[in-house]
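In this note's numbering, the protein residues as written are 15 to 424.
In what follows, a single structure is set out as structure tokens and then discussed.
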Ligand SMILES: Cc1cc2nc3c(=O)[nH]c(=O)nc-3n(C[C@H](O)[C@H](O)[C@H](O)COP(=O)(O)OP(=O)(O)OC[C@H]3O[C@@H](n4cnc5c(N)ncnc54)[C@H](O)[C@@H]3O)c2cc1C
């Protein structure tokens, strides 16, 4: 008996929700279900800005638009950034080399937006409801029985679901990946990211800033309400200390670490820490199973690219599966899934290696490396073509891109 679903997406995070919305839009009549272990995501405009925010690229904005969620996100709360300034922690404020990226150089209105993860998920779920996609929250995958023609999913709450393809978008610890026997490589960065929203004495001016310190990068991301969301990656002991120390001491250390780029830090909300790890699945697919988002790759947050890479996965998967399904192909066919994997793996590996390399290069106090860094920053800074190439990459507008990311009509 034919499985009642063509595709079941496990994981209703930002990536799973985006993939579901794109597939529902591109493949009329698709028998699709999304399930997530957590509760239905919501977003309340009266609540304070949530701690988990992401720098969202222009390519991702286009993907979210195609997924039908951008109008609700734009009507919610976001912080556009039009410039980005990067500098080396070893430099003194007076003599430092600033690498400046400016959207005007590419004729774009913005480089990207800082958006609450929660708002993106809620807006995507709203789009999925409008599209009539079947969703189940508080439904955790517990087992997978992978047969030649179908996969049977067992839920922790009881009940079984049969589908032709299961898509694991269930995060870095991906139960789908483990249950399907797909391997993952990875290692700790030996760093923890401390996250908080901070008020500084000087307006951020819609500029994203990043200082590379010997202990790890400090990002200062502009929120729509005038505050700055900080992502301060440092060794775990320092991170714990920074999380627990009294507010005055924290503000003083942050003012110092940011080299007063925004004057003094004058107020901070709740502080949270996230241990950092890189991870990559050597294979994103096997017959009837595919992985995307953090389930396939997790990167250092220093370039703010994790979910942006995941959105590109979602868009390429929809671009590959859409025509395949419309032509009557089996979505669980490995040759179709490998087409998606070939397009995304190289891009994700390149991104991961660049971020890991950059983190190593900058998290090093050697005088020779410091000179090399300064020379590198000065070279990129002084070469417009190189600067524009970096900007296009960061905006998700370079590489092997899905049509939706380059603005192709649906
Ligand atoms: C400090 C920090 C800052 C970051 N900043 C940025 C940034 O600025 N820009 C950027 O692009 N990225 C950033 N990232 C990375 C980004 O947060 C992740 O890449 C992104 O959240 C991954 O999304 P996802 O949907 O793949 O996975 P997740 O968000 O992990 O979602 C997975 C979903 O799967 C569900 N799930 C898990 N197990 C099961 C199960 N058994 N059954 C059913 N459902 C299940 C979970 O409930 C969850 O909803 C940052 C990360 C960190 C740690």
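Ideal Cβ positions, reconstructed from N, Cα and C, are used throughout, including at glycine.
In whole angstroms, give me the CA-to-CA distance for residue i and residue j.
i: residue 207; j: residue 396; result: 31 Å
i: residue 318; j: residue 111; result: 22 Å
i: residue 420; j: residue 267; result: 42 Å
i: residue 89; j: residue 339; result: 34 Å
i: residue 265; j: residue 180; result: 47 Å
i: residue 203; j: residue 315; result: 11 Å
i: residue 12; j: residue 27; result: The requested residue 12 does not occur in the structure, where the chain is confined to residues 15 to 424.
i: residue 239; j: residue 367; result: 34 Å
i: residue 193; j: residue 360; result: 25 Å
i: residue 61; j: residue 220; result: 22 Å
i: residue 72; j: residue 126; result: 6 Å
i: residue 274; j: residue 262; result: 16 Å
i: residue 390; j: residue 227; result: 16 Å
i: residue 442; j: residue 388; result: Residue 442 lies beyond the stretch modelled for the chain, which goes from 15 to 424, so this question has no answer here.
i: residue 19; j: residue 287; result: 39 Å
i: residue 358; j: residue 303; result: 16 Å
i: residue 84; j: residue 75; result: 7 Å
i: residue 158; j: residue 335; result: 22 Å
i: residue 326; j: residue 416; result: 7 Å
i: residue 282; j: residue 53; result: 29 Å
i: residue 196; j: residue 87; result: 35 Å
i: residue 253; j: residue 365; result: 25 Å
What do you reckon, is the C-beta of residue i under 6 Å from a heavy atom of ligand 1?
i: residue 36; result: no
i: residue 207; result: yes
i: residue 194; result: no
i: residue 319; result: yes
i: residue 83; result: no
i: residue 173; result: no
i: residue 24; result: yes
i: residue 69; result: yes
i: residue 185; result: yes
i: residue 245; result: yes
i: residue 28; result: yes
i: residue 154; result: yes
i: residue 94; result: no
i: residue 202; result: no
i: residue 56; result: no
i: residue 322; result: yes
i: residue 249; result: no
i: residue 51; result: yes
i: residue 315; result: yes
i: residue 62; result: no
i: residue 115; result: no
i: residue 288; result: yes
i: residue 236; result: no
i: residue 189; result: yes
Would you grab the beta carbon distance between residue i and residue j for me? Rounded to a whole angstrom, and I think it's under 8 Å.
i: residue 82; j: residue 141; result: 4 Å
i: residue 248; j: residue 229; result: 4 Å
i: residue 49; j: residue 153; result: 5 Å
i: residue 34; j: residue 147; result: 6 Å
i: residue 292; j: residue 313; result: 6 Å
i: residue 294; j: residue 199; result: 5 Å
i: residue 96; j: residue 117; result: 5 Å
i: residue 155; j: residue 138; result: Their Cβ separation, rounded to whole angstroms, is 20 Å, which puts residue 155 and residue 138 out of contact at 8 Å.
i: residue 4; j: residue 21; result: Not covered by the structure: residue 4. The range shown for the chain is 15 to 424.
By alpha-carbon positions, which one of the options ends up nearest to residue i?
i: residue 30; options: 46, 235, 421, 278; result: 46
i: residue 418; options: 58, 77, 22, 49; result: 77
i: residue 145; options: 54, 68, 239, 41; result: 41
i: residue 68; options: 119, 235, 26, 24; result: 235
i: residue 149; options: 158, 136, 156, 358; result: 136
i: residue 210; options: 410, 65, 367; result: 65
i: residue 284; options: 243, 95, 86; result: 243
i: residue 163; options: 132, 344, 173, 336; result: 344
i: residue 330; options: 351, 187, 177; result: 351
i: residue 232; options: 128, 365, 102; result: 102
i: residue 477; options: 353, 128, 252; result: With the chain represented from 15 up to 424, any question about residue 477 goes unanswered, as that position is not in the structure.
i: residue 80; options: 334, 32, 184, 394; result: 32
i: residue 55; options: 122, 151, 115; result: 151
Is it true that the CB of residue j sits closer than 7 Å to the CB of residue i?
i: residue 134; j: residue 222; result: no
i: residue 306; j: residue 278; result: no
i: residue 124; j: residue 224; result: no
i: residue 173; j: residue 24; result: no
i: residue 216; j: residue 167; result: no
i: residue 4; j: residue 237; result: Any property of residue 4 remains undetermined from this structure, which presents the chain solely from 15 to 424.
i: residue 241; j: residue 213; result: yes
i: residue 403; j: residue 37; result: no
i: residue 301; j: residue 348; result: yes
i: residue 186; j: residue 58; result: no
i: residue 160; j: residue 70; result: no
i: residue 113; j: residue 405; result: no
So does residue i have its beta carbon nearer than 6 Å to some heavy atom of ligand 2?
i: residue 308; result: Ligand 2 is not among the ligands present in this structure, which contains only ligand 1.
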